[in-house]
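**Student:** Chains as they are written, first to last, in this note's numbering: chain F, 9 to 227; chain B, 9 to 227. For every residue, glycine included, the Cβ atom is placed at its ideal position computed from N, Cα and C. One structure coming up, written as structure tokens, with questions to follow.
See below:
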């Protein structure tokens, strides 16, 4: 019966039972790959992941937008989390001040944490003033092309200062908060952001819709 | 018709249409709570999350165990990720050396990152030698009781040194790697770990089963 013979011929040979995995003696366990490209092959069902990097003045609406986007993505079953300046400053970066060097280090750490979240299959929504182009470029360099979505959350300084949700502009104008971005420290706008959102013109929901459209995560 | 009247009486008044959410002018957006207790109310379907902290000598099997546990939990649909020393040293903590102060800072950062992952609903599996009790205690203090699972991955030094998967013991014995834990820097075993695993006695699968049983995440 040739058909059965043919079937037999293409059947895989019986496999020897796999030896139980044991801790390495002479054969070390495979190390996880260093950045970048971490263990992608082990995650065949890896959910869509991105770093969404919201940059802009204090009071521009970054944190509001970050939480609205997080909630929107979570409602659709995506894994998203917010990493914002206040939260990082309260924990991971609580040892840092506000000198240029410390701000750069704070941004570097945030970028690495975002990368860890992306590797874990999350959408990491980073909300940081991150005023300097060089530091945003260094953050971007940690990610595969297309995995780092730079979003310029833009309002005129006068609007941000009028909002002043934490009273920081008032303190900066009084001299109590030196080197405050927009007052006596520069903000370098992105030259080619993936998206620019004027939060003084658009309502939050519209900003979230534009973000979702540019993420390319959802149908 | 009294029944209908009663129904009418308990009906909620028609609600005015909700105003669209806009960026704050005078009313600032609610800030995310600082550590601890972050926005729990916003995550009614928050998946089970823990920090599993694997401590032990280099070569004890922490990273092997971490990846096996991660894979096991992911197969059951849980969100898990590994934070190990090599990976953190390649990225977030690449600015740190191996002085006592730098090691402590490395552990502090790992603990804060694990906390961020737990807040995001993940099981964060941390694999770090973390030789000193004080630093592990500081890490534990970042978590709610029961969310930090300290696991002593224990092998005799002779076994770890024979495994020597990265050749570090050899370098340490030759003097090329000063202050190496177990050789010329102490390891302080946990006094009351949630779990102790002898990886020279138990196969990986049995260690993973014992870990899973102690996590309390799965039926």
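1. Going by beta-carbon coordinates alone, are residue 157 of chain B and residue 90 of chain B separated by less than 8 Å?
2. Within the continuous beta strand (DSSP E) that includes residue 59 of chain F, where are the two ends?
3. One question on the structure: do residue 76 of chain B and residue 168 of chain B come within less than 8 Å of each other, judged by their Cβ atoms?
4. Can you name the start and end residues of the alpha helix (DSSP H) that residue 214 of chain F belongs to?
5. Tell me which same chain residues have a C-beta within less than 8 Å of the C-beta of residue 13 of chain F, skipping the five on either side of it?
6. Are any of the Cβ atoms in chain B nearer than 8 Å to that of residue 117 of chain F?
7. Give me whichever residues DSSP pairs with residue 92 of chain F in a beta bridge.
8. Counting Cβ pairs closer than 8 Å, one from the stretch 131-139 of chain F and one from the stretch 107-120 of chain F, do we hit at least three?
9. Within a Cβ cutoff of 8 Å, which residues of the same chain sit near residue 82 of chain B, ignoring the five residues on either side of it in sequence?
10. Against chain B, which members of the stretch 90-104 of chain F pass a CB distance test of less than 8 Å?
11. Alpha carbon to alpha carbon, how far is residue 125 of chain B from residue 52 of chain B? Give it in angstroms, no decimals.
12. Which whole-angstrom value is the C-beta distance of residue 59 of chain B and residue 151 of chain B, which I expect to be below 8 Å?
13. State yes or no: is the beta carbon of residue 222 of chain B nearer than 8 Å to at least one beta carbon in chain F?
14. Taking only beta-carbon atoms, is residue 109 of chain F less than 8 Å away from chain B?
15. For residue 213 of chain F and residue 172 of chain F, what's the separation of their Cα atoms in angstroms?
16. Between which two residues does the alpha helix (DSSP H) harbouring residue 187 of chain F extend?
17. Looking at the structure shown, is residue 117 of chain B part of a helix, part of a strand, or coil, going by DSSP?
18. Between which two residues does the beta strand (DSSP E) harbouring residue 204 of chain F extend?
19. Roughly how many whole angstroms lie between the Cα atoms of residue 65 of chain F and residue 191 of chain B?
20. Sort out for me which residues DSSP pairs residue 159 of chain F with in a bridge.
21. My understanding is that residue 62 of chain F touches residue 163 of chain F, with C-beta atoms under 8 Å, so please give their C-beta distance in whole angstroms.
22. Which residue wins for smallest C-alpha separation from residue 166 of chain F, given the options F/221, F/218, F/208?
23. Between residue 128 of chain F and chain B, is any beta-carbon pair separated by less than 8 Å?
24. Using the beta-carbon of each residue, which ones in chain F are nearer than 9 Å to residue 123 of chain B?
25. Helix, strand or coil for residue 193 of chain B per DSSP?
26. Between F/131, F/93, F/96, F/178, which lies nearest to residue 78 of chain F when the distance is taken from Cα to Cα?
27. Hey, would you say the C-beta of residue 83 of chain F is under 7 Å away from at least one heavy atom of the ligand ZN?
28. Skipping 5 residues on each side, what residues in its chain have a beta carbon closer than 8 Å to that of residue 97 of chain F?
29. Between the C-alpha atoms of residue 149 of chain F and residue 57 of chain F, what's the straight-line distance to the nearest angstrom?
30. Looking at chain B, is there any beta carbon in it that lies within less than 8 Å of the beta carbon of residue 45 of chain F?
**Tutor:** Result, derived from the coordinates:
1. no
2. 58-63
3. no
4. 212-223
5. Residue confidence is low: residue 13 of chain F scores 39 on pLDDT, short of 50, so the model does not pin down where it sits. Its coordinate-derived value is still stated next. So no residue of the chain qualifies.
6. yes
7. F/135
8. yes
9. 88
10. 90, 91, 92, 94, 95, 98, 99, 100, 103
11. At residue 52 of chain B the pLDDT is 39, less than 50, meaning the model places this residue with poor confidence; the figure from the coordinates comes in the next sentence. About 17 Å.
12. 6 Å
13. no
14. no
15. 21 Å
16. Element bounds for residue 187 of chain F: n/a, residue is neither H nor E.
17. helix
18. 203-206
19. 51 Å
20. F/62, F/203
21. Contact doesn't hold; Cβ gap of about 12 Å is too wide.
22. F/208
23. yes
24. 99, 100
25. strand
26. F/131
27. Here there are no bound small molecules, and the ligand ZN is not part of this structure.
28. 104, 114
29. 16 Å
30. With a pLDDT of only 40 at residue 45 of chain F, under 50, the local geometry of the prediction cannot be trusted, and no value is derived from it.
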